[in-house]
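If you read the sequences in order, they're chains L and R. Per the working numbering, the first sequence runs over residues 1 to 447. Per the working numbering, the second sequence runs over residues 448 to 945. Glycine included, each C-beta is placed from N, C-alpha and C at the ideal position.
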Amino acid sequence: MGHKQTIDLSTENRSLGGLSGQLIGFGAVLAVLGLIGTLLLGNLEGAFESHSEPHAAGGAAHSSDPTHSNGHSADHSGGDHGMAHGYVSTWSIWHPYLVSASWLLAICLGAIFFVLIHHVTMASWSTVVRRLAEAVSRNFVLMGLLFIPILMPGQMDKLYKWIHPDPGDSIIAVKEAYLNYDFFLIRMAIYFLIWIGLSFWYHKNSVQQDADGDLKRTTRMAHFSPLGLILFAMSITFAAYDILMSLDAHWFSTIFGVYLFGGSVLSFHAFLALIVIWLQANGRLTRAVSDEHMQDIGKMMFAFTVFWAYIAFSQYMLYWYANIPEETAWFLRRQENMLWGSWGWLLIIGRFLIPFLFIMSKHVKRSRPTLAVAAIWMLIMQWADMYYLVMPQINGGEEFPFTMVDITIPIGFLGLFLIGLALSLRGHSLIAEKDPRMPESLAFENA
Amino acid sequence: MKHLLEKIPFIRPEILGNAQSQEIDNTSYSPAERQPWITGENDNTTITDKVCGILEDKPTFGWVMFFLLSLSVLGLLGVFVPFLIFWGVGVWGVNNPVGWGYAIVNFVFWVGIGHAGTLISAILFLFRQKWRTSINRAAEAMTIFAVMCAGLFPGIHVGRAWFAYWMFPLPNQMELWPNFRSPLLWDVFAVGTYFTVSLLFWYMGMVPDLATVRDRANNWIRRLAYGALSMGWTGSNRQWHVYERSYLLLASLATPLVLSVHSVVSFDFAVSQVAGWHTTIFPPYFVAGAIFSGFAMVVTLLVPARQLFGLKEIITLRHLENMNKVIMLTGMLVGYAYAQEFFIAWYGGVKVEKFAFMNRAFGQYAWAYWIMVSCNVISPQIFWFKKARTNIWIMFVVSIFVNIGMWFERFVITVTSLANDYTPAAWDYYTPKLADVGIMIGAFGLFFTLFALFCRFLPFIAMSEVKGVIADAAHSTPSEKPAESGDAESAPSPAAGS
Chain L
1 MGHKQTIDLS TENRSLGGLS GQLIGFGAVL AVLGLIGTLL LGNLEGAFES HSEPHAAGGA
61 AHSSDPTHSN GHSADHSGGD HGMAHGYVST WSIWHPYLVS ASWLLAICLG AIFFVLIHHV
121 TMASWSTVVR RLAEAVSRNF VLMGLLFIPI LMPGQMDKLY KWIHPDPGDS IIAVKEAYLN
181 YDFFLIRMAI YFLIWIGLSF WYHKNSVQQD ADGDLKRTTR MAHFSPLGLI LFAMSITFAA
241 YDILMSLDAH WFSTIFGVYL FGGSVLSFHA FLALIVIWLQ ANGRLTRAVS DEHMQDIGKM
301 MFAFTVFWAY IAFSQYMLYW YANIPEETAW FLRRQENMLW GSWGWLLIIG RFLIPFLFIM
361 SKHVKRSRPT LAVAAIWMLI MQWADMYYLV MPQINGGEEF PFTMVDITIP IGFLGLFLIG
421 LALSLRGHSL IAEKDPRMPE SLAFENA
Chain R
448 MKHLLEKIPF IRPEILGNAQ SQEIDNTSYS PAERQPWITG ENDNTTITDK VCGILEDKPT
508 FGWVMFFLLS LSVLGLLGVF VPFLIFWGVG VWGVNNPVGW GYAIVNFVFW VGIGHAGTLI
568 SAILFLFRQK WRTSINRAAE AMTIFAVMCA GLFPGIHVGR AWFAYWMFPL PNQMELWPNF
628 RSPLLWDVFA VGTYFTVSLL FWYMGMVPDL ATVRDRANNW IRRLAYGALS MGWTGSNRQW
688 HVYERSYLLL ASLATPLVLS VHSVVSFDFA VSQVAGWHTT IFPPYFVAGA IFSGFAMVVT
748 LLVPARQLFG LKEIITLRHL ENMNKVIMLT GMLVGYAYAQ EFFIAWYGGV KVEKFAFMNR
808 AFGQYAWAYW IMVSCNVISP QIFWFKKART NIWIMFVVSI FVNIGMWFER FVITVTSLAN
868 DYTPAAWDYY TPKLADVGIM IGAFGLFFTL FALFCRFLPF IAMSEVKGVI ADAAHSTPSE
928 KPAESGDAES APSPAAGS
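Dropping the structure here:
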């Protein structure tokens, strides 16, 4: 290492400048398209009608009729509670909403993890792209805003059965101390406080170092990072339990938090690759972020593709092998009919096998077009994964709950996400200017 | 404190051999520059002299004592294994609900210890962590020996040890096959593959160093032995090129193995329906625990070894500090898994599961559970303080605690869930017998004996790689930093270069 000539940063175009307007404009177009599309197509498909759902006739505002729509899908878990279900099986527009919100939340979670792990390991390769990660993580504010509508009691009812469990549901009764509305709200507030706090604190220190070049900031950020990682680990775990796992309040899996973590880190690195490629296509950071750095981002994408598969396999295999009804119910819903079974295969092949083989080569990681294709694909797969976690209980998995809003909502949210990113990036340098390890990072080689 | 310690005969320099090399603190942290990994005034020659000296000079008194002690502990195996084979597994304390006693506990413990080596040599290599070069050789050796110890236990646990080869799916005229659906058979493949690849990786990395030893040999036995082992290595450009390519490839192939072995070991428990065993976090949790115990064992071995062989400038405080950080991280990962198991046991609402965990913490084996928690989760917390991370005595003690704690973790998992299983009428308390304890201690004897022999007969440090680290430091220092800051930090080493 260190044999390369260091690049003179001052010759590099490293502010967003006019691009910020471009990004905001593009984001706004996406957001408007998403909003109009959702309203229009959603209306056509009856997503907003409060008394007749698109696929099934059922009660809307309150818990659905327990006898309906679950049919013969053998997903009742356990024995002594008859037909009590831990999940809501009636579609509402809040389901695709939750899918998209979790999708983007995962990217933010990956971003704050990237920043923390950079500091705790005192890494240098990632210094050139750290500012971008800091900016992405600030979108937690947007995510917090997007999650507020879900937390309204009316919407919670449409998503989470444990708010109003079926009479005689002894399983949910056991965990009432944890799964109750007030405590849920408190926990969500704590998660977002942690995430927003961490992301703003790191961004603030990093940006201020651009001005004052104070080395103590680096030390301080490094010193706080282990504690930050502990807060991160606890919050992502319980957030995964609360937001996604409790959609079926009967089901449980100790690895579930790690599952969300794997996907989050993967999708953040994919997103990061896309930002860098976009910036460089517009003449920003063209030499500061070299092929070497791209290769490392690609390696992380590769590593976490495998990690995600490892965690997903661990969870599936152990439940499949032991074959205990209350544990397999969740997977049964996802594989006993053609539709969700294929979706599972889509994840195995599309989320693991294809990217695994595609991104293995060094040349694919170092070339911008191929890395961009991989990154876009991985982000789509992250969405497909979230869809797989949220949707299959709709109508007991009998019908494909897909509607056009499944496409328009993520487009709209992505638009908002890009606007948020532009607001975070603009006004500051795109690179941590006076980071003491910048020369080391600029000279980085995969030697 | 230091004064007092010097009065203990065992620590006195003349007994410890090269002990006069001084401790140089290269752990000071400054964001502006990196401290050197190798301290003192070392160059290629001094590195070669120091490392080859270990196996060329007369053995030190300390080494001889250590070797003899290990050998006599190994004798316990010689007593108790034939005893076991002659009388059968009845000499063990296993009873009806607890069919897996010390044997499986020791098996998992040793497989776990065997994880640090390949992690250090393969994963840290892929992460381009230069600090691995000073410790990888010893850690890999430790891995090989630990896996050998692990392999002992299934072999003697089969009862009729002369049929141990039935563990392998060998074609036979009786058409008898092991159960391919059993994770115990997967273990045979997983551990077997891991051992083979680790051994190859270790040996291949050693070839250039073996050639160095061969070139320095001053009698024909050494020349012949090391000549054969180094397979005609000349250090030509082409050889290095091929070597580095294949090292990278082997590292990439060994990396998934680090994760897979202990995942498969965790399947032994987790695929069952036994409460407390069947939980989805088991595979990554076991891997984290294995790395945790493996690193602890590396610290346990290297802290005395660097003292004994005068390697303080090669295995520096900063190397040890990094290992302690890994221990602290993995300790917390293990703690995370304990916490999630407990939480989900409650959250899941499954009564037996809840009972299993309450029983662990407050039942008849509560003592073992709390030993495990205090050793694994609480004791590494002292490493939040840099003073503790860089203090030889504290890290040595903590590493021992972690070894104890990780042994107890396997004990707690295995025994508590079996002793109080689904049939309360059959519940029983597991008490080990003499043969259990004897074989457990004997395995440590085997491990330390092999390690002692390794120290004397094979290059303890990956010399060629350490020289690369020195060369890198020499290349990058003058061009990037003002001269005074770079030299001033590494200079204060009056008694360096012993």
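Exercise. With C-beta atoms as the reference, is Ile7/L less than 8 Å away from Arg287/L?
Worked result: For the purposes of this step, residue 7/L is identified with residue 7 of the first sequence, where counting begins at 1. For the purposes of this step, residue 287/L is identified with residue 287 of the first sequence, where counting begins at 1. Yes, the pair counts as a contact, with Cβ atoms nearer than the cut-off.
Exercise. Enumerated in chain order, which unbroken segments of the alpha helix (DSSP H) with a length of 4 residues or greater are wholly contained in the stretch 512 to 576 of chain R?
Worked result: 549 to 560
Exercise. Is there at least one Cβ from chain L nearer than 8 Å to Thr726/R's Cβ?
Worked result: As a position in the second sequence, residue 726/R is number 279, starting the count at 1. Cβ-Cβ to chain L under 8 Å: yes for Thr726/R.
Exercise. From the beta carbon of Val718/R, is the nearest beta carbon of chain L less than 8 Å away?
Worked result: Position 271 of the second sequence, counting from 1, holds the residue named residue 718/R. So yes, Val718/R belongs to the interface.
Exercise. Quick one: Cα of Thr328/L to Cα of Ala106/L, how far?
Worked result: The count along the first sequence starts at 1 and reaches residue 328/L at position 328. The count along the first sequence starts at 1 and reaches residue 106/L at position 106. C-alpha separation (whole angstroms): 26 Å.
Exercise. Quick one: is Leu524/R buried, meaning 16 or more other Cβ sit within 10 Å of its Cβ, or exposed?
Worked result: Indexing the second sequence from 1 puts residue 524/R at position 77. Leu524/R is buried by the Cβ-count criterion.
For this session: Kindly indicate if chain L contains any beta-carbon less than 8 Å away from that of Ile567/R.
Result: Here residue 567/R refers to the residue found at position 120 of the second sequence. Not flagged as an interface residue toward chain L: Ile567/R, since no C-beta distance is shorter than 8 Å.
Exercise. If contact means a Cβ-Cβ distance below 7 Å, which residues of the stretch 159 to 187 of chain L contact chain R?
Worked result: Ile171, Val174, Lys175 and Tyr178
Exercise. Closer than 8 Å, CB to CB, is Phe252/L near chain R or not?
Worked result: Taking the first sequence and counting its residues from 1, the one referred to as residue 252/L is at position 252. Chain R contact via Cβ: present.
Exercise. Which runs of the beta strand (DSSP E), 3 residues or longer, sit entirely within the stretch 586 to 667 of chain R?
Worked result: none
For this session: Enumerate in chain order the residues of its own chain whose CB-to-CB distance from Leu389/L is below 6 Å, with the five nearest sequence positions on each side excluded.
Result: Numbered from its first residue, the first sequence carries residue 389/L at position 389. Beyond the five residues adjoining it in sequence on each side, Leu389/L comes within less than 6 Å, by CB distance, of Leu244 in the same chain, given in chain order.
Problem set entry | Opposing strand residues paired with Ser477/R [DSSP bridges] | As a position in the second sequence, residue 477/R is number 30, starting the count at 1. Ser477/R is bridged to Glu480/R.
Exercise. Does the beta-carbon of Val552/R have 16 or more other beta-carbons within 10 angstroms, so that it is buried, or is it exposed?
Worked result: Position 105 of the second sequence, counting from 1, holds the residue named residue 552/R. Buried: at least 16 other Cβ atoms inside 10 Å.
Exercise. Do the stretch 415 to 425 of chain L and the stretch 139 to 146 of chain L touch if we need at least three Cβ pairs shorter than 8 Å?
Worked result: yes
Exercise. Which term fits Met819/R, buried or exposed, when burial requires 16 or more other beta carbons within 10 angstroms of its beta carbon?
Worked result: In the second sequence, residue 819/R corresponds to position 372, counting from 1. When all chains shown are included, Met819/R counts as buried.
Problem set entry | Backbone CA spacing between Gly79/L and Ile93/L [nearest angstrom] | By 1-based counting over the first sequence, the position of residue 79/L is 79. By 1-based counting over the first sequence, the position of residue 93/L is 93. Residue placement at Gly79/L is poorly supported in this model, since its pLDDT is 41, which falls under 50; the coordinates are not used for a value here.
For this session: Could you tell me which uninterrupted alpha helix (DSSP H) segments, each at least 4 residues in length, are contained entirely in the stretch 374 to 440 of chain L, listed from first to last along the chain?
Result: 405 to 425
For this session: Starting from the beta carbon of Tyr794/R, find every residue of chain L whose beta carbon is closer than 7 Å, and list them in chain order.
Result: Counted from its first residue, the second sequence places residue 794/R at position 347. The answer, in chain order, is Lys175, Tyr178 and Phe252.
For this session: Identify whether Ser15/L lies in helix, strand or coil by the three-state DSSP scheme.
Result: As a working mapping, residue 15/L is identified with position 15 in the first sequence. Three-state result, Ser15/L: strand.
Problem set entry | Interface flag, Thr219/L vs chain R, CB-CB below 8 Å | As a working note, residue 219/L is residue 219 in the first sequence. Chain R, which has a Cβ nearer than 8 Å to the Cβ of Thr219/L, makes this yes.
Exercise. Can you round the beta-carbon distance between Thr726/R and Glu788/R to whole angstroms, since I take them to be within the 8 Å contact cut?
Worked result: As a first step, residue 726/R must be located in the second sequence, where it is residue number 279. As a first step, residue 788/R must be located in the second sequence, where it is residue number 341. Indeed, because the Cβ distance is near 6 Å, the residues count as touching under 8 Å.
Exercise. Between the C-alpha atoms of Val99/L and Trp320/L, what's the straight-line distance to the nearest angstrom?
Worked result: Counting from one through the first sequence, the residue named residue 99/L turns up at place 99. Counting from one through the first sequence, the residue named residue 320/L turns up at place 320. So the alpha carbons of these two residues sit roughly 25 Å apart.
Exercise. Checking contacts by CB at 8 Å: is Glu488/R closer than that to chain L?
Worked result: Here the question's residue 488/R lines up with position 41 in the second sequence. Cβ-Cβ to chain L under 8 Å: no for Glu488/R.
Problem set entry | Residue-chain proximity (Gln335/L, chain R), Cβ-Cβ < 8 Å | Reading the first sequence from its first residue, position 335 is the one you call residue 335/L. Chain R, which has no Cβ nearer than 8 Å to the Cβ of Gln335/L, makes this no.
Problem set entry | Length of the line joining the Cα atoms of Thr305/L and His250/L | As a first step, residue 305/L is located in the first sequence; it is residue number 305 there, counting from the start. As a first step, residue 250/L is located in the first sequence; it is residue number 250 there, counting from the start. Spanning the two alpha carbons is a distance of roughly 29 Å.
Exercise. Do Gln295/L and Lys216/L come within 8 Å of each other at the CB atom, strictly closer than that value?
Worked result: Taking the first residue of the first sequence as position 1, residue 216/L is located at position 216. Taking the first residue of the first sequence as position 1, residue 295/L is located at position 295. Cβ distance not < 8 Å, so Lys216/L and Gln295/L don't count as in contact.
Exercise. Within 10 angstroms of its Cβ, does Glu326/L collect 16 or more other Cβ (buried), or is it exposed?
Worked result: Looking up residue 326/L in the first sequence gives position 326. Label assigned to Glu326/L: buried.
Exercise. Is the beta carbon of Leu146/L sitting closer than 8 Å to the one on Ile194/L?
Worked result: Counting from one through the first sequence, the residue named residue 146/L turns up at place 146. Counting from one through the first sequence, the residue named residue 194/L turns up at place 194. By the CB criterion at 8 Å, Leu146/L and Ile194/L fall outside the cutoff.
Exercise. To which residues of the same chain is Ile275/L closer than 6 Å at the C-beta, ignoring the five residues directly before and after it?
Worked result: The residue labelled residue 275/L in the question sits at position 275 within the first sequence. Correct list, in chain order: Leu132.
Exercise. Would you call Glu503/R buried or exposed, if buried means 16 or more other Cβ atoms sit within 10 Å of its Cβ?
Worked result: Locating residue 503/R in the second sequence gives position 56, where the first residue counts as 1. With fewer than 16 Cβ atoms within 10 Å of its Cβ, Glu503/R is classed as exposed.
Exercise. Ile791/R versus chain L: which residues are under 9 Å apart at the beta carbon?
Worked result: Counted from its first residue, the second sequence places residue 791/R at position 344. What Ile791/R touches in chain L: Tyr241, Phe252, Ser253, Thr254 and Phe256.
Exercise. Is the CB-CB distance between His269/L and Met300/L below 8 Å?
Worked result: Walking along the first sequence from the start, residue 269/L turns up at place 269. Walking along the first sequence from the start, residue 300/L turns up at place 300. In this structure, Met300/L lies closer than 8 Å to His269/L by Cβ.
Exercise. Mind checking if Leu215/L is an interface residue toward chain R, Cβ cutoff 8 Å exclusive?
Worked result: Locating residue 215/L in the first sequence gives position 215, where the first residue counts as 1. Chain R contact via Cβ: present.
Problem set entry | Chain-ordered neighbours of Ala737/R on chain L, where CB pairs are closer than 8 Å | On the second sequence, position 290 is the one that residue 737/R refers to. In chain order: nothing, as chain L lies at least about 15 Å away.
Exercise. Where does Glu800/R sit, in a helix, a strand or coil, going by DSSP?
Worked result: By one-based count along the second sequence, residue 800/R stands at place 353. Here Glu800/R sits in helix by DSSP.
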